[in-house]
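J.:
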């Protein structure tokens, strides 16, 4: 009995030590970036040191008071939020149709939707550039360098993942609940509003959060399909790398600021993330 208790105790301790180590390993780059953001240019070229000697906030003040940074931040917030809302709505409707209706080639449709996530994003860059600058043109107006263009583009790439994620959630909702609601007089929209959406709320929350984060962190398309007006915060980071050198302090400060919205969303929604990723995983 004593040996069994000791083995369980050592197993528990080993597990805690392992996860503490992994947590520290994950947080070290973020801590190093924070330390860099708190140093002057002279200190940055001194001996590397992970310790925080003092609070030097000038890098943050230079970033936060910059009108260009405020415009970039606004663009990122608008594009990411609008993309997440649009993806949630379209993914819910598509997933409900794939789950409830016996469509011809339903399994093939579901597989085809996810195939566009298999190719590297750079493969789509040239065709998308031509579409944004020439194909979708209305007079002098094009989708290039517009918030609308980025919202629709991110929706194209996030929607297949969202459908794949929500498929298991909607499949886990018994179809008998739909039938009961229709017997009580609810139509299609009534079933979606009163049955599917409340029960699939954790999955919808995860879909919205991940779509928001993917759009917030995206760099390649934002850097090549925007110029001035619709530039996002991730593309602004490259402005600190110039031909005369890299302003590491302000670059690290802006990087820390861009982490804040994502961190806040994940912290407040982590319960829904766990529920959404496991919802529908076990069936009778």
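In the working numbering, the protein residues as written are 29 to 312. Backbone N, C-alpha and C fix where the C-beta goes; we use that ideal spot for every residue, glycine too.
1) For residue 249, tell me which candidate among 297, 212, 177 and 78 has the shortest Cα-Cα distance.
2) Who are the Cβ neighbours of residue 142 in its own chain at under 7 Å, not counting the five residues just before and after it?
3) Here's the rule: buried if 16 or more other CB atoms are within 10 angstroms of the residue's CB, otherwise exposed. What is residue 246?
4) Which two residues bound the contiguous alpha helix (DSSP H) that contains residue 103?
5) I'd like the ranges of any alpha helix (DSSP H) spanning at least 4 consecutive residues and lying wholly in the segment 182-237.
6) Identify, in the order they occur along the chain, each residue of the same chain with its Cβ nearer than 6 Å to the Cβ of residue 259, setting aside the five sequence neighbours on each side.
7) On the criterion of 16 or more Cβ atoms from any shown chain inside 10 Å, does residue 51 qualify as buried, or is it exposed?
8) Return the CA-CA distance between residue 114 and residue 75, expressed in angstroms with no decimal places.
9) Just the Cα atoms here: how many angstroms apart are residue 135 and residue 38?
10) Quick check on this structure: which residue in 36, 90 and 46 has the alpha carbon closest to the alpha carbon of residue 275?
11) What's the gap between the Cα of residue 262 and the Cα of residue 171?
12) Does DSSP put residue 257 in a helix, in a strand, or in coil?
13) Closest by CA to residue 109, which one among 169, 182 and 125?
14) Alpha carbon to alpha carbon, how far is residue 228 from residue 310? Give it in angstroms, no decimals.
15) What are the partner residues of residue 269, as DSSP defines its beta bridges?
16) Indicate the three-state DSSP secondary structure (helix, strand or coil) for residue 15 in the structure shown.
17) If you check the beta carbons only, do residue 197 and residue 237 fall under 9 Å apart?
18) Is the number of C-beta pairs between the segment 204-211 and the segment 143-152 that are closer than 8 Å three or more?
19) Within a Cβ cutoff of 6 Å, which residues of the same chain sit near residue 72, ignoring the five residues on either side of it in sequence?
20) Considering only C-alpha positions, which residue in the set 213, 223, 185 and 83 is nearest to residue 153?
21) Indicate whether the contact test is met: 3 or more Cβ pairs, each with one atom in the segment 159-170 and one in the segment 83-97, closer than 8 Å.
22) Going by beta-carbon coordinates alone, are residue 105 and residue 289 separated by less than 9 Å?
23) Determine, using beta carbons only, whether residue 280 and residue 65 come nearer to each other than 9 Å.
24) Residue 273 to residue 252, Cα distance in whole Å?
25) Have a look at residue 257 and residue 112 and give me their C-alpha separation to the nearest angstrom.
26) Output needed for residue 36: all residues of its chain with C-beta closer than 7 Å, excluding positions within five of it in sequence on either side, in chain order.
T.: To lay it out plainly:
1) 177
2) 188 and 192
3) buried
4) DSSP places residue 103 in the uninterrupted alpha helix (DSSP H) bounded by 95-128.
5) Segments of the alpha helix (DSSP H) lying fully in the segment 182-237: 203-211 and 216-219.
6) If you ignore the 5 residues before and after residue 259, its C-beta comes within less than 6 Å of the C-beta of 100, all in its own chain and listed in chain order.
7) exposed
8) 48 Å
9) Our two residues, residue 135 and residue 38, have alpha carbons roughly 47 Å apart in a direct line.
10) The residue with the shortest Cα to Cα distance from residue 275 is 90.
11) 19 Å
12) coil
13) Residue 109 has its Cα closest to that of 182, out of 169, 182 and 125.
14) For residue 310, the pLDDT reaches just 45, beneath the cut-off of 50, and the residue's location in the model is therefore unreliable, leaving the point undetermined.
15) 274
16) The chain is shown only over 29 to 312; residue 15 falls outside these bounds and no answer can be derived.
17) In this structure, residue 237 does not lie closer than 9 Å to residue 197 by Cβ.
18) no
19) Here the set comprises 276.
20) 185
21) no
22) yes
23) yes
24) 23 Å
25) 21 Å
26) Excluding sequence neighbours, residue 36 sits near nothing in its chain.
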